[in-house]
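Notes follow the structure.
Number of protein chains: 2
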Amino acid sequence: MTTIGILGGTGPAGRGVALRLASAGHDVVLGSRDAARAAEVAASLLVRGSGSITGASNADAALKELVVVATPWESTIETLKPLNDALANKIVISMVNALAKEGRELVPLLAPRGSVAAQIAFALPQSTVVGAFHHLPAGEMENLDSDLDADVVIFGDHAEARERVAALVNEMPGLRAVVAGSMSLAGAIESFTAVCISVNIRHRAHSYVKLAGLAD
Amino acid sequence: MTTIGILGGTGPAGRGVALRLASAGHDVVLGSRDAARAAEVAASLLVRGSGSITGASNADAALKELVVVATPWESTIETLKPLNDALANKIVISMVNALAKEGRELVPLLAPRGSVAAQIAFALPQSTVVGAFHHLPAGEMENLDSDLDADVVIFGDHAEARERVAALVNEMPGLRAVVAGSMSLAGAIESFTAVCISVNIRHRAHSYVKLAGLAD
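Residue numbers (my numbering), protein chains in the order written: chain A, 132 to 347; chain B, 132 to 347.
Following this line, the structure appears as structure tokens:
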């Protein structure tokens, strides 16, 4: 069992990850700028299994053993900067995508340092940043009865941290970890989220990425 | 039946697309800087079905009804510029990715105009550019006995052209077309190829993208 904080965890993306982490037996703290709102959202999520979800401020969520960043991209760095010391010597998982609406599509934005994960790595020089959870359909993630069978594409420069995150992902129901490689792939993996969501809007679907042809 | 030219068609990527287009009944001309080499490669590809593959110069391949660009990214614009008039009023399909080797990974490069497809669209103002065939495993594409069941993510700004390419893709054995949207998604789709190939190197696999959860 690991204690896991999710910064900006009350949005659809954070909620689904929280639910499936808790269902794998972990104690999850949803962080938010508004701790009362976080407690409310946490109480609304029905965990199966031995884990738990509670709500807190982002600062309190940042104190946990492992921390997931699920904030909107616009406020990510602003949220993280004051948490630099709390996040030191920890694995910080970025699931943030920089996207913009353009008509009926979501399009990827070029983050100032090539990817949001790279921006986070520069903002948190004492932490080990790993990217994961970018391409997942929020609604399916939050519904434990959906027959989700999605791949989580993982990247980062620290091999051991990537493997730690991959092991965590493989414990979560409906998800398989696929380690892709280094931070050089961050922009490609983040921006592909725009493709997934645009496909979903266009085809009125809740699709997700599977990498077929990999051994289980 | 459509006549289709494949510029730079003698490389692994072009060969697989040629074989599966010909197997869907189309007459394919592999173009190359070296027409004799193209004829040699064409003769080595064993088509099943009523289509054909022959070899020619890139200039001759560009005369066909529909043209696929399968050149290396470094020489793409140089190859296309002199073919501007031959390619006017045609659909030009880009399957080009700008990638570089970095250790054991392939990493995406930022093309000067955001994507290779956008570079092509600017170089060929009289043509209609559609992107397709980026994420496919070359070996499996070239082996008609592989149990390939891959998605081809399609993009472009011209809806009718996208649908025309999608229909073509759906005729090809082992492939399903998924229209993603506009050229704003080009960079994301092209760069994800680096992720697919890096996953394959790391996991010693020949994986490919499926978008699960879409209706057939």
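C-beta atoms are modelled at their ideal positions from N, C-alpha and C, and glycine is treated no differently.
- Query: Under a Cβ-count criterion, where at least 16 other Cβ atoms within 10 Å of its own Cβ denotes burial, should Asn331/B be classed as buried or exposed?
  - Reply: In the second sequence, the residue the question calls residue 331/B occupies position 200. Per the 10 Å Cβ criterion, buried.
- Query: Taking DSSP as the reference, what is the three-state secondary structure of Pro350/A?
  - Reply: Look at the range of chain A in this structure, 132 to 347, and you will see that residue 350/A is not part of it.
- Item | For Ser313/B and Glu302/A, the rounded distance between their alpha carbons | In the first sequence, residue 302/A corresponds to position 171, counting from 1. In the second sequence, residue 313/B corresponds to position 182, counting from 1. One C-alpha to the other measures close to 37 Å.
- Query: Which whole runs of the alpha helix (DSSP H) in the region 262-329 of chain A are 4 residues long or more, in chain order?
  - Reply: Counting only runs of 4 or more, we get 269-273, 290-302.
- Strand pairing of Leu136/A, partner residues [DSSP]: Within the first sequence, the letter at position 5 stands for residue 136/A. The sequence given here places Gly at residue 136/A; Leu does not occur at that position. For Gly136/A, the beta-bridge partners assigned by DSSP are Val160/A, Val198/A.
- Helix, strand or coil at Ser154/B according to DSSP, with G and I counted as helix: Residue 154/B sits at position 23 when you count from the first residue of the second sequence. Residue state, collapsed to three classes: helix.
- Message: Quick check on Val148/B: does DSSP put it in helix, strand or coil?
- Response: The residue labelled residue 148/B in the question sits at position 17 within the second sequence. If DSSP states are grouped into helix, strand and coil, Val148/B belongs with the helices.
- Query: Straight-line CA distance for Lys341/B to Leu279/B?
  - Reply: As a working note, residue 341/B is residue 210 in the second sequence. As a working note, residue 279/B is residue 148 in the second sequence. Rounded to whole angstroms, Lys341/B to Leu279/B spans 11 Å at the Cα level.
- Task: Please classify Ala231/A: does DSSP put it in a helix, a strand, or coil?
- Result: Along the first sequence, read from residue 1 onward, the residue named residue 231/A stands at position 100. The answer is strand: DSSP assigns Ala231/A an E or B state.
- Between Glu321/A and Ala229/A, which are expected to be in contact by the criterion C-beta below 8 Å, what is the C-beta distance as a whole number of angstroms? What you label residue 321/A is simply residue 190 of the first sequence in a count that begins at 1. What you label residue 229/A is simply residue 98 of the first sequence in a count that begins at 1. Right, their Cβ atoms sit about 7 Å apart.
- Message: Would His265/B pass as an interface residue toward chain A - the criterion being a Cβ-Cβ separation below 8 Å?
- Response: Sequence index remark: in the second sequence, residue 265/B carries index 134 (1-based). It does not; no Cβ of chain A falls within 8 Å.
- Thinking just about the alpha-carbon of each residue, which of Asp191/B, Ala170/B, Glu205/B, Ala269/B is nearest to the one in Gly305/B? For the purposes of this step, residue 305/B is identified with residue 174 of the second sequence, where counting begins at 1. The residue among Asp191/B, Ala170/B, Glu205/B, Ala269/B with its C-alpha nearest the C-alpha of Gly305/B is Ala269/B.
- Integer Cβ distance of Ser329/A from Ala311/B, believed to fall under 8 Å: Taking the first residue of the first sequence as position 1, residue 329/A is located at position 198. Taking the first residue of the second sequence as position 1, residue 311/B is located at position 180. At roughly 6 Å, the Cβ-Cβ gap stays under 8 Å, so Ser329/A and Ala311/B are in contact.
- Please report how far the alpha carbon of Phe286/A lies from the alpha carbon of Ala201/A, in whole angstroms. Position 155 of the first sequence, counted from the first residue, corresponds to residue 286/A. Position 70 of the first sequence, counted from the first residue, corresponds to residue 201/A. Distance between the alpha carbons of Phe286/A and Ala201/A is about 16 Å.
- At a CB-CB cut-off below 7 Å, which residues of chain A make contact with Glu291/B? Residue numbering aside, residue 291/B sits at position 160 when the second sequence is read from its first letter. Those do not exist, as Glu291/B stays about 15 Å from chain A at its closest Cβ, beyond 7 Å.
- Item | Close beta carbons around Ala173/A, own chain, < 7 Å, minus the five adjacent residues each side | Position 42 of the first sequence, counted from the start, is the residue given in the question as residue 173/A. Closer than 7 Å at Cβ, skipping near neighbours: Leu161, Ile184, Thr185, Gly186.
- Query: Which whole runs of the beta strand (DSSP E) in the region 166-195 of chain A are 3 residues long or more, in chain order?
  - Reply: Counting only runs of 3 or more, we get 183-188.
- Just how far apart, CA to CA, sit Gln257/B and Gly344/A? Counted from its first residue, the second sequence places residue 257/B at position 126. Counted from its first residue, the first sequence places residue 344/A at position 213. Cα-Cα distance, rounded: 39 Å.
- Item | Ala343/B - containing alpha helix (DSSP H), residue span | For the purposes of this step, residue 343/B is taken as residue 212 along the second sequence, with counting starting at 1. From DSSP, Ala343/B is part of no alpha helix (DSSP H) but of the beta strand (DSSP E) over 339-343.
- Any idea what DSSP makes of Ser206/B, helix, strand or coil? Locating residue 206/B in the second sequence gives position 75, counting from the first residue. Residue state, collapsed to three classes: helix.
- Given a cut-off of 8 Å, decide if Ser315/B and Val247/A are closer than it, judged by their beta-carbon atoms. Position 116 of the first sequence holds residue 247/A. Position 184 of the second sequence holds residue 315/B. The answer is no: Cβ separation not under 8 Å.
- Query: How is the alpha helix (DSSP H) around Gln250/A delimited, first residue to last?
  - Reply: What you label residue 250/A is simply residue 119 of the first sequence in a count that begins at 1. Start and end: 247-254.
- 7 Å Cβ cut-off: residues of chain B touching Pro243/A: Stepping through the first sequence from its first residue, residue 243/A is reached at position 112. Here the premise fails: no neighbours, minimum Cβ distance about 13 Å.
- Message: Looking at the secondary structure, which residues open and close the beta strand (DSSP E) in which Pro243/A lies?
- Response: Stepping through the first sequence from its first residue, residue 243/A is reached at position 112. Premise fails: Pro243/A is in no beta strand (DSSP E) and is neither H nor E.
- Leaving out five residues before and five after Ser154/B in sequence, what residues of the same chain have Cβ atoms less than 8 Å from its Cβ? Counted from its first residue, the second sequence places residue 154/B at position 23. Closer than 8 Å at the Cβ level, and outside the excluded window around Ser154/B, lie Val178, Arg179, Gly180, Gly182, Leu275, Met303, Pro304.
- Query: Counting along the chain, where does the beta strand (DSSP E) carrying Ser225/B start and finish?
  - Reply: Along the second sequence, read from residue 1 onward, the residue named residue 225/B stands at position 94. If you look at Ser225/B, you'll find it in the beta strand (DSSP E) that goes 222-225.
- Could you name the residues of chain B that Arg233/A contacts, counting a contact when the two beta carbons are closer than 7 Å? As a working note, residue 233/A is residue 102 in the first sequence. Here the sequence assigns Glu to residue 233/A, which means Arg is not the residue at that position. Result: Ser315.
- Item | Proximity to Pro134/A [Cα-Cα], best of Thr141/A, Gly142/A, Ala144/A, Leu152/A | Position 3 of the first sequence, counted from the first residue, corresponds to residue 134/A. The amino acid at residue 134/A is misidentified as Pro; the sequence shows Thr. The candidate whose alpha carbon is nearest that of Thr134/A is Leu152/A.
- Query: Quick one: what's got a C-beta closer than 7 Å to Arg244/B's C-beta in the same chain, skipping five residues either side?
  - Reply: For the purposes of this step, residue 244/B is taken as residue 113 along the second sequence, with counting starting at 1. The residues are Gln250, Phe253.
- Per-residue burial, Lys232/A [other beta carbons within 10 Å of its own, 16 or more giving buried]: For the purposes of this step, residue 232/A is taken as residue 101 along the first sequence, with counting starting at 1. Flag for Lys232/A reads exposed.
- Item | Ser206/B, buried or exposed, once every other Cβ within 10 Å from all chains shown has been counted against 16 | On the second sequence, position 75 is the one that residue 206/B refers to. Ser206/B is exposed by the Cβ-count criterion.
- Message: Short of 7 Å Cβ to Cβ, which residues in the region 284-312 of chain A face chain B?
- Response: Cβ contacts with chain B: Val284, Val309, Val310, Ala311, Gly312.
- Task: Between the Cα of Val284/A and those of Arg235/B, Ala308/B, Gly139/B, Ala325/B, spot the shortest distance and give me the residue it belongs to.
- Result: The count along the first sequence starts at 1 and reaches residue 284/A at position 153. Residue Ala325/B is the option with its Cα nearest to Val284/A.
- Task: Can you say whether Leu197/A is buried or exposed, counting buried as having 16 or more other CB atoms within 10 angstroms of its CB?
- Result: Reading the first sequence from its first residue, position 66 is the one you call residue 197/A. It counts as buried.
- Quick one: which chain A residues come within Cβ less than 9 Å of Glu236/B? On the second sequence, residue 236/B is found 105 positions in, with the first residue counted as 1. Per Cβ cutoff of 9 Å: Ala311, Gly312, Ser313, Ser315, Leu316.
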